[in-house]
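For the protein sequence lines, the chains are A and B, in the order given.
For what it's worth, my numbering labels the leading residue of the first sequence as -1, then goes sequentially.
For what it's worth, my numbering labels the leading residue of the second sequence as -1, then goes sequentially.
Each residue gets a CB set at the ideal place from its N, CA and C atoms; glycine is no exception.
Number of protein chains: 2
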Amino acid sequence: MTTSPAAAPRNASEGSGWGWGWTEKALSDDECRALGQMMPGLDADPIPIPRAYDLRLATPRIAPPPTLAAICSTEPRDRASHTYGKAFRDIVRALRLDYDHAPDLVARPRNEQDIVDVLDWASAADVAVIPYGAGSSVVGGVECRSAEHHAVVSLDLATMRDVLEVDRTSHAALIQAGAFGPELEHRLAAHGLTLRFFPQSFEFSTLGGWLATRAGGHFATGETHIDDLTEAIRAVTPRGVSESWRLPASGAGPSHDRLFLGSEGALGVITQAWMRVRPRPTHRASASLRFADVHQGFAAVRAITQSGLRPANCRLLDPAEAMLSGVGDGRAGVLVLGVESATAPVDDRLAEIVALASDFGGATTSPPGERASSRDTDDEGAATWRSAFLRMPYVRDGVARMGGIAETFETAITWDRLAELYESVREELRAAIKEVCGVDGIIACRLTHAYPDGAAPYFTVTAPAGGADQLRAWDALKVVAGDALARHSATITHHHAVGRDHRPWYDRQRSEPFGAALRAVKRELDPAGILNPGILIDP
Amino acid sequence: MTTSPAAAPRNASEGSGWGWGWTEKALSDDECRALGQMMPGLDADPIPIPRAYDLRLATPRIAPPPTLAAICSTEPRDRASHTYGKAFRDIVRALRLDYDHAPDLVARPRNEQDIVDVLDWASAADVAVIPYGAGSSVVGGVECRSAEHHAVVSLDLATMRDVLEVDRTSHAALIQAGAFGPELEHRLAAHGLTLRFFPQSFEFSTLGGWLATRAGGHFATGETHIDDLTEAIRAVTPRGVSESWRLPASGAGPSHDRLFLGSEGALGVITQAWMRVRPRPTHRASASLRFADVHQGFAAVRAITQSGLRPANCRLLDPAEAMLSGVGDGRAGVLVLGVESATAPVDDRLAEIVALASDFGGATTSPPGERASSRDTDDEGAATWRSAFLRMPYVRDGVARMGGIAETFETAITWDRLAELYESVREELRAAIKEVCGVDGIIACRLTHAYPDGAAPYFTVTAPAGGADQLRAWDALKVVAGDALARHSATITHHHAVGRDHRPWYDRQRSEPFGAALRAVKRELDPAGILNPGILIDP
Chain A
-1 MTTSPAAAPR NASEGSGWGW GWTEKALSDD ECRALGQMMP GLDADPIPIP RAYDLRLATP
59 RIAPPPTLAA ICSTEPRDRA SHTYGKAFRD IVRALRLDYD HAPDLVARPR NEQDIVDVLD
119 WASAADVAVI PYGAGSSVVG GVECRSAEHH AVVSLDLATM RDVLEVDRTS HAALIQAGAF
179 GPELEHRLAA HGLTLRFFPQ SFEFSTLGGW LATRAGGHFA TGETHIDDLT EAIRAVTPRG
239 VSESWRLPAS GAGPSHDRLF LGSEGALGVI TQAWMRVRPR PTHRASASLR FADVHQGFAA
299 VRAITQSGLR PANCRLLDPA EAMLSGVGDG RAGVLVLGVE SATAPVDDRL AEIVALASDF
359 GGATTSPPGE RASSRDTDDE GAATWRSAFL RMPYVRDGVA RMGGIAETFE TAITWDRLAE
419 LYESVREELR AAIKEVCGVD GIIACRLTHA YPDGAAPYFT VTAPAGGADQ LRAWDALKVV
479 AGDALARHSA TITHHHAVGR DHRPWYDRQR SEPFGAALRA VKRELDPAGI LNPGILIDP
Chain B
-1 MTTSPAAAPR NASEGSGWGW GWTEKALSDD ECRALGQMMP GLDADPIPIP RAYDLRLATP
59 RIAPPPTLAA ICSTEPRDRA SHTYGKAFRD IVRALRLDYD HAPDLVARPR NEQDIVDVLD
119 WASAADVAVI PYGAGSSVVG GVECRSAEHH AVVSLDLATM RDVLEVDRTS HAALIQAGAF
179 GPELEHRLAA HGLTLRFFPQ SFEFSTLGGW LATRAGGHFA TGETHIDDLT EAIRAVTPRG
239 VSESWRLPAS GAGPSHDRLF LGSEGALGVI TQAWMRVRPR PTHRASASLR FADVHQGFAA
299 VRAITQSGLR PANCRLLDPA EAMLSGVGDG RAGVLVLGVE SATAPVDDRL AEIVALASDF
359 GGATTSPPGE RASSRDTDDE GAATWRSAFL RMPYVRDGVA RMGGIAETFE TAITWDRLAE
419 LYESVREELR AAIKEVCGVD GIIACRLTHA YPDGAAPYFT VTAPAGGADQ LRAWDALKVV
479 AGDALARHSA TITHHHAVGR DHRPWYDRQR SEPFGAALRA VKRELDPAGI LNPGILIDP
């Protein structure tokens, strides 16, 4: 969720070494203390931000072969910055300067042949290879916790970040895996096109990462996942290069691309993909509605998706989430709606959706006399929500510095079970926070994506650690959350991926024969078992 | 493409023994002779319809074990009717009473345990198992041509055809694999719901078949494939039962269901699925436009899909196809458009689409003074096309009886390459028909499905055999068609599946590592290699 960049984008690798995003956007010490005033039980003062790489890393266990030396780094700063993603437990450990799992090497391939060479060498030398986009994983996706291999190399794709070709006729573009969101949008904008894929991590993640993790993007309905925007994928596996044909659709056998979508670096290294792009929208309108009863809000979203309407934005915030986002007082839920088009005005469509939502008790939040929507601008509720949405990970880091616990997790479930899941997860988490932290926390929820047959609730949990160790408390709450989802047969992730943190529940979600099939594929494509060990299956 | 049945549907297994569909709808001898008048070079008289099962089949090579005897048949009529699908070469061989590849047994499982028992027995006894829906395959999907196994059993799912559960809240239904189109729609209609999946074979094919072959359905844009309507799949593999969770979406690992979608019976037997259903449309409108230049028609379809409009129907017929369908004189292409909604009038949306198409030179075909569209009824062009669409397979059988050749094949390709493919395929086929048959044939094409990045052209080829053996001539033309598609990197099938007839080109389309991955899955899930041997991969 961001507006498109006008100038050439900043290089996201200039970001903070320990936390989310840009250094200067992190909460200041005073802002952290202000958090403490809002949530009793946090520490009095924030954990200091570690001095830039005041690091004591173990000596690398391996040296790169001469043929790869030019693309490999053993610099402590490189190794540290490639140790973690951006999960809460990553932030806490980075603040503690705990880099026990640092990779021995960071390799930056200049081209596909470099990747082939790294995989060949690593397969022979029993070195684990962690494909690395920009390290925004919040599920332990890039942290090698296994000690089974001789050494670990982080394979950073960020040097392969070009937009190689734009097919304006077919509305498709060939983009390298290492391209960050802002720069690929910048390149496409020159052609009047856009991928229109704006995850919260947009500035700090890459196309390859989105593909490997089946990321969720801009559209709250319809083409919600990166999967839907993918025309063809090229990936290097230890078994050779796999490339699917550029096709708008095919019925020939099980989908080629769907094997790599969600493979999280365990089956191959995605190097480039043909992506479906589209003209930049010229008409946009948004509106917000207030729901005194959040369950009526659920019903409204259900009616909207089941009516066949496909708003670009359709995000229902429950009362706590609306308050955290600054668009509510904690007593009502808020539905943020947005419609967009590259060809025709959208006010009528928005009006139709608003009317439908109103049937379920939704009240438009714009002051009387003003229009509920305006072309090309957000209404106030949507703008406030969008800004809060982008701010949230920085706040999360502030909570971490103040000794608190902050976790987000998300799922998807069919409509018939949503209300029960929503109530049950909140109740169980409330009890668990009380037990683990000895105090009350804040549990907020929004529906990030909606479908005719269900929706994706996204929970945010914030609490003081209450004297408990932050990491242990987080682990305990994670188990409660994962178990609650599994008990309702709700997926362990809608768009955050499995990583290492979700493995126990992913293993329950997956059928035994499908797990066996994946293991067989892993053994075939990665016979030495070097690719992102610990991810998805154990071969 | 059919209207929904009002009464309980007829049992499709009452159909013709040798050709497509219902016996009484087959062309009469006189109608066949009339075809001969339209296409010089056909025989003077049709091949006689074989007397009902005047069969001389080889003795079954195996007897079912006592525990399975109750569900197994060795009746020649059963074995013959399960020998083939409904490809041209199947019809010709059935007319010739050539049943060399008849299965030894036909098993009709009553429940999932029966399927488990059949697979267990077959794995141990080295018996090939061909999962069989209703045998409408036009690509050799159900014909066991391999002699590697001890015997062959056709596993007919038609006894497992119930709609087990309807979730009206989530708009989803649990349907058994053996359910035919009309009966599952009949059951859903009682709830005001519809799967809205109407392939040409609607009356003569099953849900399980659609899933296993990634069939293409009602919608010409958007949710074109059965894949998009699938919420969860349950399948029996020799390695155990695989079942995915009911989820509106998930980002947890590579998609469970996508492994079985398109697996064509080679990885497991799909027994039931949760399918996404929807309210029956209450508003419908259609219109037809004439394009003097078919390439302008292509451009119009491209503009429509790239505008974000998603008409339910958007089928462009080239001049020859329009003539065959009775909606043109052979000098212009025709675009058939349809829009539908369960909640709101659609005339405005249709008007918007028609206006866009008019920008590319499309002229509405309705007589001046009449409306181009009318609610809840087809315009004349759409109605004529629809009726011709359902009639075509019967005509094809008539051509077969008159000693001619009739073939349909379809593909998908991105817009940038469509025009070249269209011209090149027609040119190569024209030359090949001349060479193989010594005469001219008819080559017609329509776009059956359209996407923002490309479209699915569907070719129909009809020619007299010109003294050549019908099967050899067909084989020769098939090679020309498949090679032409492969040369343009166009998929060998958009929705007809691979079967045995498309294997050579599927093998070229698939990357080597993906082929290796599929083989590994096959070995894992079907270690004895009994499931539909010859399909997709050779283990």
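Fill in: Neighbourhood of Arg347(A) by C-beta distance below 6 angstroms, restricted to the same chain and skipping five residues each side
Val337
Fill in: Minimum Cβ-Cβ distance from Arg521(A) to chain B less than 8 angstroms
yes
Worksheet item: Leu209(A) versus chain B: which residues are under 8 angstroms apart at the beta carbon?
Response: Correct list: empty, because the minimum Cβ distance to chain B is about 11 angstroms.
Discussion item. Taking the alpha-carbon of Arg75(A) as reference, which of Ala120(A), Tyr504(A), Ala100(A), Ala442(A) has the nearest alpha-carbon?
Written reply: Ala100(A)
Worksheet item: Any idea if Pro525(B) is buried or exposed, counting beta-carbon neighbours within 10 angstroms, 16 or more meaning buried?
Response: exposed
Discussion item. So, with DSSP's three-state summary, where would you put Thr219(B)?
Written reply: coil
Discussion item. Spatial neighbours of Ser372(B) within its chain, please: C-beta separation below 6 angstroms, excluding the five flanking residues on both sides.
Written reply: Because Ser372(B) carries a pLDDT of 40, less than 50, the predicted location of this residue cannot be relied on, and no value is offered for it.
Discussion item. Rounded to whole angstroms, what is the Cα-Cα separation between Cys443(B) and Asp225(A)?
Written reply: 30 angstroms
Discussion item. At the level of alpha carbons, what is the spacing between Leu25(B) and Gly360(B)?
Written reply: 35 angstroms
Item to complete: Examine the Cβ distances between the region 131 to 147 of chain B and the region 80 to 89 of chain B and report whether three or more of them are shorter than 8 angstroms.
Response: yes
Practice prompt. Select from Gly436(A), Arg424(A), Gly513(A) the residue whose C-alpha is nearest the C-alpha of Val478(A).
Written response: Arg424(A)
Fill in: Phe289(A), enclosing beta strand (DSSP E) - first and last residue
281 to 289
Worksheet item: How long is the line joining the alpha carbons of Lys23(B) and Tyr392(B), rounded to whole angstroms?
Response: 7 angstroms
Fill in: Of the listed residues Arg508(B), Met273(B), Ile490(B), nearest to Arg194(B) (C-alpha basis)
Met273(B)
Worksheet item: Is DSSP giving Ile89(B) helix, strand or coil here?
Response: helix
Item to complete: Compute the distance between the beta-carbons of Leu245(B) and Glu229(B), then report whether it is under 8 angstroms.
Response: yes
Fill in: Three-way DSSP call (helix, strand, coil) for Tyr504(A) in this model
helix
Worksheet item: Can you check whether the CB of Ile535(B) is closer than 8 angstroms to the CB of Arg517(B)?
Response: yes
Worksheet item: For Pro538(B) versus Cys70(B), is the C-beta distance shorter than 8 angstroms?
Response: Outside the displayed span of chain B (-1 to 537) sits residue 538(B), for which this structure offers no information.
Worksheet item: If we count the other Cβ atoms within 10 Å of its Cβ and call it buried at 16 or more, is Trp111(A) buried or exposed?
Response: In the sequence under discussion, the amino acid at residue 111(A) is Gln, which differs from the Trp named in the question. Exposed, by the Cβ-count rule.
Worksheet entry | Under 9 angstroms by beta carbon: chain B residues contacting Tyr504(A) | Ala250, Gly251
Worksheet item: According to DSSP, is His447(B) helix, strand or coil?
Response: strand
Practice prompt. Out of Glu418(B), Glu426(B), Val125(B), Arg91(B), point me to the one whose CA is closest to Ile47(B)'s CA.
Written response: Arg91(B)
Fill in: Alpha-carbon spacing of Gly220(B) relative to His492(B), whole angstroms
14 angstroms
Discussion item. What does the alpha-carbon distance come out to for the pair Arg428(A) and Leu265(B)?
Written reply: 44 angstroms
Worksheet entry | 6 angstroms CB neighbourhood of Leu162(A) in its chain, flanking five on each side removed | Leu172
Worksheet item: Under a three-way DSSP split, which group does Glu510(B) fall into?
Response: helix
Practice prompt. Would you check if the region 304 to 317 of chain A and the region 211 to 220 of chain A touch, i.e. whether three or more CB-CB distances between them fall below 8 angstroms?
Written response: yes
Worksheet item: Mind checking whether Arg276(B) and Glu522(B) have CB atoms under 8 angstroms apart?
Response: no
Worksheet entry | Alpha-carbon to alpha-carbon, Ala474(B) and Arg94(B) | 20 angstroms
Worksheet entry | Through-space distance from Phe457(B) to Ala463(B), alpha-carbon basis | 18 angstroms
Item to complete: Take Arg470(A) as the anchor and find which of Gly402(A), Arg498(A), Trp413(A), Ala514(A) has the nearest alpha-carbon.
Response: Gly402(A)
Worksheet item: In terms of residue numbering, what span does the alpha helix (DSSP H) encompassing Leu209(B) cover?
Response: 205 to 211
Practice prompt. Closer than 7 angstroms by beta-carbon distance: list the chain A residues that pair up with Gln507(B), in chain order.
Written response: Trp243, Ala250
Practice prompt. Return the CA-CA distance between Ala461(B) and Trp383(B), expressed in angstroms with no decimal places.
Written response: 22 angstroms
Fill in: Minimum Cβ-Cβ distance from Val496(B) to chain A less than 8 angstroms
yes
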